[in-house]
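These protein sequence lines are chains A and B, in that order. Residues in the first sequence are numbered from 219 upward in steps of one, following this note's numbering. Residues in the second sequence are numbered from 28 upward in steps of one, following this note's numbering. From the three backbone atoms N, C-alpha and C, an ideal C-beta is built for every residue, glycine too. Values in this document were obtained by computation on a predicted structure and should not be read as measured data. Beneath this line is the structure, given in structure tokens, with notes to follow.
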Amino acid sequence: MALLHVEKLRKAFGGLMAVKDLSFHVEAGEILGLIGPNGAGKSTVFNLIMGTLKPDRGTVLFKGRDITGWPTYKIVDAGIARVFQIARYFPRKTVYENVEISVIPNEIFARCVDPESKTIERCRRTGLCTNEHCPGGDSCRCRSELPGMLPQGGLRRLELARAIGTDPELLLLDEPFAGLSPQEVDEISHLIASLRDEGQTIVVVDHNMRGVMRLVDRIVVLSFGEKLAEGSPEEVARNPQVQEAYLAGGGL
Amino acid sequence: MRALKFSLLLLTVVIVAAVGPFLPSKWMTTLTYAQLFAVYAMGWDILSGMTGQISFGHIFFVAVSGYTAGLLNLYLKWPIWATVPTGVIMAVVAGLLFSVPALRLRGPYFSLVTLILPLAAARLVIILADWTGGELGKFGVAPLCPDSLLTPLGEVLSRWNISLDAFRLYQSCNYYFFWVLMTLVGVGLVWLSTSRIGKILEAIRENEEAVEAAGINVAKYKIFAFAVSASVVGLGGALSVHTNEAVFFNSLLSLTSSIEMIVASVIGGMGTIVGALWGGLLVRGGEQVIREVAQWKLPFGSEGIALSFLEGWATFIFFALLLVLLFFARQGLLPLLVGMGKRRATGG
């Protein structure tokens with residue numbers, strides 16, 4: 219049984235068919251690339267999975283459970299987390315406090331769990347607090363820094379830390395390299411690869427195939443809301459339909 | 028932050044308790060009501076200050092609880108220990124009923140609904156004037172400090188060589204009653220606001236979508252904040268009816284009070300609870316200061332220049348001062364002090 223099963227998902231905005239009867243699945247432990255030119259419907263697919271948008275038709279099965287149309291927080295609690303392209307953070311809370319909110323459970327009267335060690339661990343894991351800056355915990359840089367002080371790469375790390383703070387079984391990454399410097403791309407790419415090596419299942423959306431070729435196990439190519447091709451990165455790159463779609467949309 | 032807030036809270040309530048015996052009668056009454064108002068402001072702050080859902084009509088919860096408690100006592104002769112909890116429960120029920128549809132509304136629409144609610148309630152109170160006393164109010168509610176309480180209290184005090192006349196004893200009883208209320212509410216809300224729950228409420232104010240994305244049910248936490256807020260404000264409202272020994276339209280449904288709760292919280296620092304408490308005391312205390320000043324005479328000329336014209340201007344001047352404060356110290360007193368303390372600590 220696949221971890222995530224998307225079945226004949228459909229969403230139209232007025233007359234525009236953004237996602238048309240799309241089906242794909244994600245196996246536990248793999249990194250799946252969801253690739254397509256701008257406007258192919260990639261982000262809409264994420265929105266449909268996360269409950270931000272309700273599909274017109276079709277189902278989303280997570281671990282065999284139908285989660286179609288659930289509210290976002292419930293889907294997150296079920297085990298899917300999303301990293302947004304444009305970081306969504308709490309501007310007046312420190313980096314540490316930003317991550318802490320993800321670690322805190324949803325129950326109002328939950329038994330007292332100490333979120334501190336887990337929060338620090340997530341901050342270190344994503345490089346928001348390096349060991350030299352974060353010896354005992356209290357002197358952590360992430361405890362005094364505000365998100366607004368972080369560079370683009372730092373904000374992406376913050377998004378990742380907030381996402382893995384919810385202990386997801388499936389991580390959705392929306393254009394994780396957009397707007398980053400070449401060096402930051404390398405760093406974030408390493409971070410994602412190391413998460414995969416720990417067994418994290420990931421779906422990564424990108425319009426640029428080159429960026430994710432080395433990272434992904436399998437690729438699904440979208441074009442105008444439909445699945446154009448599916449397979450290993452090599453197979454997909456050789457596919458003439460894909461080449462055409464990308465040439466039309468600005469090159470591979 | 029928690030330790031700092033508790034220290035500031037403790038310091039404040041100790042001062043308020045300590046000045047009690049030295050207050051002139053007029054000031055004792057003022058501060059009794061100021062403490063009640065500080066409770067309202069803290070109640071407003073836990074919902075609106077923390078989650079950013081600005082309510083313009085929190086006096087509605089005062090009214091629901093106050094009229095419930097007052098009328099139950101007047102007509103059914105329920106004792107205080109029954110009227111006050113019932114009033115609080117009614118306020119919470121009203122809060123819950125109101126929060127569910129209100130959560131679908133954002134920004135100005137939410138605020139507009141909160142503004143209309145007490146206006147509608149005011150109409151209802153006037154329509155049912157035979158029962159509620161309408162705008163004039165209705166007297167005869169059982170007192171918070173009845174003789175059955177004051178007599179033994181006086182005896183205990185006289186054993187400690189403190190002798191108070193009957194009126195002073197009555198005033199002190201009310202003063203310290205509201206002191207206890209303010210202290211308990213302050214401790215409870217400071218604890219809540221600095222707990223895990225408080226962190227989430229604050230996060231909701233900053234970015235609701237990011238809170239959802241963290242796997243947290245925003246609606247549930249907002250409803251919880253609504254219930255807590257309504258219960259705190261309702262508790263104050265029910266007790267105030269017994270202090271006044273009457274249901275007063277002007278104290279239970281005053282739109283000005285509704286706005287002043289916001290002002291109090293903003294002056295002290297929104298979402299800080301202790302700041303709201305300070306703001307509450309300052310707003311009510313400040314109004315009294317202006318009324319006092321209005322009775323002075325400036326030593327010019329043979330007759331002196333009476334400042335009595337200020338009396339009528341008191342509220343106006345007060346609001347004008349508040350505007351100045353809002354322009355120049357928008358963050359509020361508590362964050363201002365904390366910021367100054369930090370700068371000093373870092374030597375910057």
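query = With 16 as the cutoff for other CB atoms within 10 Å, does L349 (chain B) come out buried or exposed?
reply = buried
message = Checking 8 angstroms against the spacing of the C-beta atoms, do K226 (chain A) and T262 (chain A) come in under that value?
response = no
ask   = Do you know how far the Cα of T178 (chain B) is from the Cα of I224 (chain B)?
value = 44 angstroms
task = Measuring only between beta-carbons, confirm whether I322 (chain A) sits less than 8 angstroms from chain E.
result = Protein chains A and B are contained in the structure displayed, whereas chain E is not.
task = Could you tell me the boundaries of the alpha helix (DSSP H) in which A230 (chain B) lies?
result = R223 to E233
ask   = Rounded to the nearest angstrom, how far is the Cβ of S92 (chain B) from that of G261 (chain B), given a contact under 8 angstroms?
value = 3 angstroms
request  = Name, please, each residue of chain B whose Cβ falls closer than 9 angstroms to the Cβ of T290 (chain A).
outcome  = E236, E239, A240 and G242
task = Use the C-beta contact count for P400 (chain A): other C-beta atoms within 10 angstroms, 16 or more gives buried, fewer gives exposed.
result = exposed
key: CA-to-CA distance, M69 (chain B) to L35 (chain B), given in whole angstroms   = 14 angstroms
request  = Indicate the three-state DSSP secondary structure (helix, strand or coil) for E225 (chain A) in the structure shown.
outcome  = strand
Entirely enclosed beta strand (DSSP E) segments - the stretch 259–317 of chain B, minimum 3 residues = none
query = Cα separation between T344 (chain A) and I86 (chain B)?
reply = 47 angstroms
query = Three-state secondary structure (DSSP) at K238 (chain A)?
reply = strand
query = What's the C-alpha gap between L413 (chain A) and A379 (chain A)?
reply = 11 angstroms
ask   = In whole angstroms, what separates the C-alpha of A220 (chain A) from that of C341 (chain A)?
value = 30 angstroms
message = On the criterion of 16 or more Cβ atoms from any shown chain inside 10 Å, does N100 (chain B) qualify as buried, or is it exposed?
response = buried
ask   = Using a Cβ-Cβ cut-off of 7 angstroms (strictly less than) and excluding sequence neighbours within five positions of M28 (chain B), which residues of its own chain qualify?
value = T221
Residue of A:A299, A:A246 and A:D284 minimising C-alpha distance to F264 (chain A) = A:A299
task = Verify the CB distance criterion: does R380 (chain A) have a CB-CB separation below 8 angstroms to chain B?
result = yes
task = Would you kindly work out how many angstroms separate the C-alpha atoms of L470 (chain A) and G429 (chain A), rounded to a whole number?
result = Caution is warranted here: a pLDDT of 47 is assigned to L470 (chain A), below 50, making its placement in the model unreliable, and no coordinate value can be reported.
Endpoints, beta strand (DSSP E) assigned at D392 (chain A) = L388 to D392
query = Is G372 (chain A) helix, strand or coil by DSSP?
reply = helix
query = Across which residues does DSSP place V422 (chain A) in a beta bridge pair?
reply = A:G251 and A:L391
inquiry  = Check whether chain B comes within 8 angstroms of R310 (chain A), counting only Cβ atoms and requiring the distance to be less than that.
reply    = yes
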